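Here is the structure:
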């Protein structure tokens, strides 16, 4: 909502201290988006007449305009706009004029021909919001006169307000003025209404068939209308408010709307067959609206129809073309109505047709502002139609569904003080509310003092006690409510899980990989491309773009894209990780529950193999206490089937480790191996490791021995390790796999089916030095157990 | 009786042996030579040891004592020279080894790089830390939400006009229009109210979704942090005080804050909060207000017994402005050249 300082002053003596006014509006919750000055006189811009125009063969984009600025001297000006003709009056910025943007007009010419000034568009001199060509001035102005003086334009300020949804009344000057008046102690009154005595009775028949959607309809007939341009001051007000002047009738209607937040619609009374019928549309009924578009309607849209039941307007949204005010209009039928807001909102949204009127009906208008609006319309139209007759006996139908003139809402003083932390008395609360037109009456039950607050009809937002508390707060001033830091009785902390997540991040970052945040939306096919099933992927019902219409079920596709991106940008040491949610669908959706969303981790790096992935896993499992079994027999889809493993605990899948399937890599144009580790953090981070119990360190020497075995390729080293661990006895401290030997060429030569593994077994007793005999028995037990597994002992 | 001539001859022999030993020691080139020489000089038939064994041949007790002392002194000086030489050579050898082993450490200065946390994560953690210091705990919730938690419980019943402002992304899941991507972190407020007991001092950081075309300052997927305090006797002044305390703790003591009236369906009275830099410029930060009684009721809390406030703002912008990132989309390209700067 744009508020002009000068116009606001017609509602009360607010003055021109724009900083003070802007601050007051801000403090009231009328957010001031911008404060701009318009119409500030530009010294040196005079009224000139176009004598003739002339093209120059070498200048395509400009032409030569010869003008007279009142002294009979022919001046030559180059001009890039072509909208003027001989005889037009235009604003000429004479040589030496400093334009609002700081430019100084000089004789700087084109093709060596000088220019004796510049012709101005409305926007260049701050007279118009539109820059469509040179401003054509009214033909009555005196040549050579200062344009601003001649037009009677004075400097003004426009406050652009961002009116919140709860303040529909502030979509009109009156609402803003009421709030501001209360705040600044300025008396506010509505602008003058029509004082002329009404003419002969002339009624139109009005039938409302949908009384829920339309609860008030006033149809007033006005004759003696001459359709013409609005007076300059009205046109300028509309322009500065961001609206286009159309003609005096439509402009008067728009001005009333801006002033009183009451949309009205003027029909050509000769074209409505003497009646209005307000009914819902029939399915697929059509209507050509004022903008020339044919609109197809549905049964919940409300229509204004004429006496022949033909649609002539979409109620509260836009009028029809057939009854539009035209130059031949002599009699006007003015509609001033109250439509139910959600219906208007639904129609406007569905048609994608948001008009200034629909916006106001959607937010809410004053159901009792109708009479003032009609009268104000007449007063404004009378400015250009002195013979206007407002006919008596206008039809005004009020249905039972019309909201009450005053709504009474209870407000406990104790509640005001409990929410705001104030110590306000009933009297001071009453005073604050009275200033904005809320009448109060104090009642008390025991010690509880309650105000019965009569909420005026222009404030549909105030429905309950808390709404009134907010009104008290606004007019008491938020800045006066104090600032107290509450003493939290809680112990501020991260939960153990959140603490672990932070530790985990530190460990991961220490691995040399950086955190990525890929888009959680995938393109259809992305999951398949990564070797994953799309079966349990959830689709967006209204995606922004098709390529982002699938919710990820794994972090892998996003990170693979990121890897591919970084490779194509020739970045080095490409290692990324993400900790984020994935959203696989629940297999049983009938329960109405949410998907199986959980937090996952994925670490991924290009140019390295499974050995690195296993290093990540062992670092993480050691530092974070993550535990899972490595299962190379069941590799998750999308992983390299012989170089990866799933991480399991019993049947529960906790993650995967290894390399990405070369086929998946090929599909992503990645031609190096990619190591990957994925973990289900929802499970693992919530497992808080037990606190370790201290064990005293043995004071006796440790006995180590090494054993080497040849183990078949298909037997994991972990099985051998497990067997050795069990066989080595209670004195075992640690077993290290410290050497692995494969015959050269083992990867190609399929006849080589085993490799050699060397273990160091460390034994130590708490209470004695182990004897050679004890160590040698343990050694033999290990060899026997390994042999039983199928390993072949190799003499070291 | 002393036999002067024997003594003189023997003294000369001792001096000779000693000098020869000292010369040999001085001539050693390395520790192993010193070791060999030590062994040689300690042999029974080494010149000095031979002389020692010949002491018995002297008849005079005085001569024996004189020669004995002379021999001992000679032996001591030889042993001292051996030790000195070996110490000297050892130190020379170590110096030589040190010189040989020279390493250019700058070669390794950039070998292993630590990774980098995303700037949004860094901002989130900084915010969390400030609020933890103010006595808050951290709550989390799902990103896929029901209509109830995202709207209805937040005082936006079905067909509430404000819903349309959230540009919600709905999922093809369950009943049409029932499951969505949360448009704000506020649903977590309801979940916290339902599961925790007041007093509640919680912040709720997380990822949120809006059907917004990406541009330099907007992403359809972004991050918010939200705060919720519910206790007995919580007033609007506590809200303003918390915002002020946060402003100073997070941005610096030279910053101040203000609240100005605004509108949100889930709070009343509602406010926008702005912070003021030392240079006097006001910056809009986020929204806040007293939790609407209907929201407390949705969360199973009696609004007559408890009151509370909530506030929220965007995290991405904090990261963007802290690091002067020109275009917010750059934060989500996952380009390592970008990520490694922070």
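Protein chains in written order, with my numbering: chain A, 2 to 797; chain B, 60 to 401. Ideal placement from N, C-alpha and C gives every residue a C-beta, glycine not left out. On a predicted model such as this, the values are computed, not experimentally measured, just so you know.
query = Mind listing which residues of the stretch 512-531 of chain A have their C-beta closer than 9 Å to chain B's C-betas, in chain order?
reply = Within the stretch 512-531 of chain A, the qualifying residues are 512, 513, 514, 515, 516, 517, 518, 519, 520, 521, 522.
CA-to-CA distance, residue 615 (chain A) to residue 167 (chain B), given in whole angstroms = Here residue 167 (chain B) is taken as the residue at index 108 of the second chain, counted from 1. Here residue 615 (chain A) is taken as the residue at index 614 of the first chain, counted from 1. Answer to the nearest angstrom: the Cα atoms are 25 Å apart.
query = Quick one: Cα of residue 779 (chain A) to Cα of residue 728 (chain A), how far?
reply = Along the first chain, one-based indexing puts residue 779 (chain A) at 778. Along the first chain, one-based indexing puts residue 728 (chain A) at 727. About 7 Å.
task = Tell me, please, whether the CB atom of residue 572 (chain A) is closer than 9 Å to any CB atom in chain B?
result = Sequence index remark: in the first chain, residue 572 (chain A) carries index 571 (1-based). For residue 572 (chain A), the answer is yes, since a Cβ of chain B falls inside 9 Å of its Cβ.
query = Based on the DSSP output, what are the partners of residue 68 (chain A) in its beta bridges?
reply = Residue numbering aside, residue 68 (chain A) sits at position 67 when the first chain is read from its first letter. According to DSSP, residue 68 (chain A) bridges with A:51, A:76.
task = Output the distance between the C-alpha atoms of residue 100 (chain A) and residue 64 (chain A), rounded to the nearest integer angstrom.
result = Here the question's residue 100 (chain A) lines up with position 99 in the first chain. Here the question's residue 64 (chain A) lines up with position 63 in the first chain. Those two C-alpha atoms are separated by around 22 Å.
inquiry  = Give me, in chain order, the residues of the same chain whose beta-carbon lies closer than 8 Å to that of residue 162 (chain A); leave out the 5 immediate sequence neighbours on both sides.
reply    = Mapped onto the first chain, residue 162 (chain A) falls at position 161. Take residue 162 (chain A), set aside five residues on each side of it, and the residues of its chain with a beta-carbon closer than 8 Å to its own are 2, 3, 4, 26, 31, 32, 33, 34, 171, 177, in chain order.
task = In angstroms with no decimal places, state the Cα-to-Cα distance between residue 261 (chain A) and residue 355 (chain B).
result = Looking up residue 261 (chain A) in the first chain gives position 260. Looking up residue 355 (chain B) in the second chain gives position 296. Each residue's alpha carbon lies about 36 Å from the other.
query = What is the DSSP secondary structure of residue 548 (chain A), counted as helix, strand or coil?
reply = By 1-based counting over the first chain, the position of residue 548 (chain A) is 547. Residue 548 (chain A): helix per DSSP, three-state reduction.
ask   = Does the Cβ of residue 162 (chain B) have 16 or more other Cβ atoms within 10 Å, making it buried, or fewer, making it exposed?
value = Within the second chain, the letter at position 103 stands for residue 162 (chain B). Counting of Cβ neighbours within 10 angstroms places residue 162 (chain B) among the exposed residues, the total staying below 16.
ask   = Considering only C-alpha positions, which residue in the set A:471, A:219, A:703 is nearest to residue 776 (chain A)?
value = On the first chain, residue 776 (chain A) is found 775 positions in, with the first residue counted as 1. Across the set A:471, A:219, A:703, the C-alpha of A:703 shows the shortest separation from the C-alpha of residue 776 (chain A).
message = Helix, strand or coil, according to DSSP, for residue 681 (chain A) in the structure here?
response = The residue labelled residue 681 (chain A) in the question sits at position 680 within the first chain. Looking at residue 681 (chain A) - three-state DSSP - the assignment turns out to be strand.
query = Which whole-angstrom value describes the C-beta separation of residue 607 (chain A) and residue 675 (chain A), a residue pair presumed to lie in contact below a C-beta threshold of 8 Å?
reply = Along the first chain, read from residue 1 onward, the residue named residue 607 (chain A) stands at position 606. Along the first chain, read from residue 1 onward, the residue named residue 675 (chain A) stands at position 674. That pair is a contact at about 5 Å.
task = Select from B:187, B:331, B:319, B:338 the residue whose C-alpha is nearest the C-alpha of residue 263 (chain B).
result = What you label residue 263 (chain B) is simply residue 204 of the second chain in a count that begins at 1. The shortest Cα separation from residue 263 (chain B) among B:187, B:331, B:319, B:338 belongs to B:187.
task = Residues of the stretch 343-374 of chain A with a CB closer than 9 Å to any CB of chain B: list them in chain order, please.
result = Listed by position along the chain: 343, 346, 347, 350, 363, 364.
query = What distance in whole Å lies between the Cβ atoms of residue 574 (chain A) and residue 172 (chain B), which are believed to be in contact at a cut-off of 8 Å?
reply = One-based indexing of the second chain puts residue 172 (chain B) at position 113. One-based indexing of the first chain puts residue 574 (chain A) at position 573. Between residue 172 (chain B) and residue 574 (chain A) the beta-carbon gap is near 7 Å, inside 8 Å, which marks them as a contact.
task = Keeping to the same chain, check which residues put their C-beta closer than 8 Å to that of residue 149 (chain B); ignore five residues upstream and five downstream.
result = Position 90 of the second chain holds residue 149 (chain B). Closer than 8 Å at the Cβ level, and outside the excluded window around residue 149 (chain B), lie 90.
request  = Can you grab the Cα-Cα spacing for the pair residue 764 (chain A) / residue 707 (chain A), in whole Å?
outcome  = To locate residue 764 (chain A), count along the first chain from 1; it is residue 763. To locate residue 707 (chain A), count along the first chain from 1; it is residue 706. Residue 764 (chain A) and residue 707 (chain A) have their C-alpha atoms some 11 Å from each other.
query = In terms of alpha-carbon separation, which member of A:198, A:626, A:431, A:426 lies closest to residue 448 (chain A)?
reply = For the purposes of this step, residue 448 (chain A) is taken as residue 447 along the first chain, with counting starting at 1. Comparing alpha-carbon positions, the option among A:198, A:626, A:431, A:426 lying closest to residue 448 (chain A) turns out to be A:426.
query = So, is the C-beta of residue 558 (chain A) closer than 9 Å to a C-beta in chain B?
reply = If you number the first chain from 1, residue 558 (chain A) lands on position 557. No, no contact with chain B.
query = For residue 195 (chain B) versus residue 240 (chain B), is the C-beta spacing smaller than 9 Å?
reply = For the purposes of this step, residue 195 (chain B) is taken as the residue at position 136 of the second chain. For the purposes of this step, residue 240 (chain B) is taken as the residue at position 181 of the second chain. In this structure, residue 195 (chain B) sits away from residue 240 (chain B), with a CB-CB distance that is not shorter than 9 Å.
task = Count the other C-beta atoms from every protein chain shown that fall within 10 angstroms of the C-beta of residue 285 (chain B), then say buried if there are 16 or more, exposed otherwise.
result = By one-based count along the second chain, residue 285 (chain B) stands at place 226. With a threshold of 16 other beta carbon atoms within 10 Å, residue 285 (chain B) meets it and is buried.
task = May I ask which residues mark the beginning and end of the beta strand (DSSP E) holding residue 204 (chain B)?
result = Counting from one through the second chain, the residue named residue 204 (chain B) turns up at place 145. From DSSP, the beta strand (DSSP E) with residue 204 (chain B) extends over 203-205.
Run of the alpha helix (DSSP H) containing residue 125 (chain A), from where it starts to where it stops = Reading the first chain from its first residue, position 124 is the one you call residue 125 (chain A). Where residue 125 (chain A) is concerned, there is no enclosing alpha helix (DSSP H), given that its DSSP letter is neither H nor E.
request  = Just the chain B side, please: which residues come within less than 7 Å of residue 474 (chain A) by C-beta, in chain order?
outcome  = Here the question's residue 474 (chain A) lines up with position 473 in the first chain. Within chain B, the residues near residue 474 (chain A) are 295, 328.
task = Measuring only between beta-carbons, confirm whether residue 292 (chain B) sits less than 9 Å from chain A.
result = One-based indexing of the second chain puts residue 292 (chain B) at position 233. Taking Cβ atoms only, chain A reaches closer than 9 Å to residue 292 (chain B), which makes this a yes.
request  = Express the C-alpha separation of residue 259 (chain A) and residue 343 (chain B) in angstroms, rounding to a whole number.
outcome  = Within the second chain, residue 343 (chain B) is the residue found at index 284, counting from 1. Within the first chain, residue 259 (chain A) is the residue found at index 258, counting from 1. Rounded to whole angstroms, residue 343 (chain B) to residue 259 (chain A) spans 28 Å at the Cα level.
Touching by the beta-carbon criterion (3+ pairs, under 8 Å), the stretch 472-479 of chain A and the stretch 269-281 of chain B = No, the stretch 472-479 of chain A does not touch the stretch 269-281 of chain B.
Span of the alpha helix (DSSP H) around residue 188 (chain B) = As a position in the second chain, residue 188 (chain B) is number 129, starting the count at 1. Here the alpha helix (DSSP H) through residue 188 (chain B) covers 178-192.
key: Other residues of its chain near residue 386 (chain B): CB distance less than 6 Å, five sequence neighbours each side excluded   = Here residue 386 (chain B) refers to the residue found at position 327 of the second chain. Here the set comprises 275.
task = Can you give me the start and stop residues for the beta strand (DSSP E) that residue 333 (chain B) sits inside?
result = Indexing the second chain from 1 puts residue 333 (chain B) at position 274. Taken as a continuous stretch (DSSP letters only), the beta strand (DSSP E) holding residue 333 (chain B) covers 326-335.
ask   = Between the stretch 450-483 of chain A and chain B, which residues of the former have a C-beta closer than 7 Å to a C-beta of the latter?
value = So the list reads 467, 468, 470, 471, 474, 475, 479, 480, 482, 483, given in the order they occur along the chain.
inquiry  = Cutting at 8 Å between CB atoms, please list the residues of its own chain near residue 144 (chain B), excluding the five before and the five after it.
reply    = Within the second chain, the letter at position 85 stands for residue 144 (chain B). Correct list, in chain order: 84, 85, 87, 93.
task = Closer than 8 Å by C-beta to residue 791 (chain A): which residues in its own chain qualify, once you throw out the five before and the five after it? Chain order, please.
result = Looking up residue 791 (chain A) in the first chain gives position 790. Contacts found: 712, 713, 716.
message = In the DSSP assignment, the beta strand (DSSP E) including residue 164 (chain A) goes from what residue to what residue?
response = The residue given as residue 164 (chain A) occupies position 163 in the first chain. Careful: residue 164 (chain A) lies outside any beta strand (DSSP E) and carries neither H nor E.
request  = Output the boundary residues of the alpha helix (DSSP H) element that contains residue 783 (chain A).
outcome  = By 1-based counting over the first chain, the position of residue 783 (chain A) is 782. 773-790 is the span of the alpha helix (DSSP H), which, as asked, contains residue 783 (chain A).
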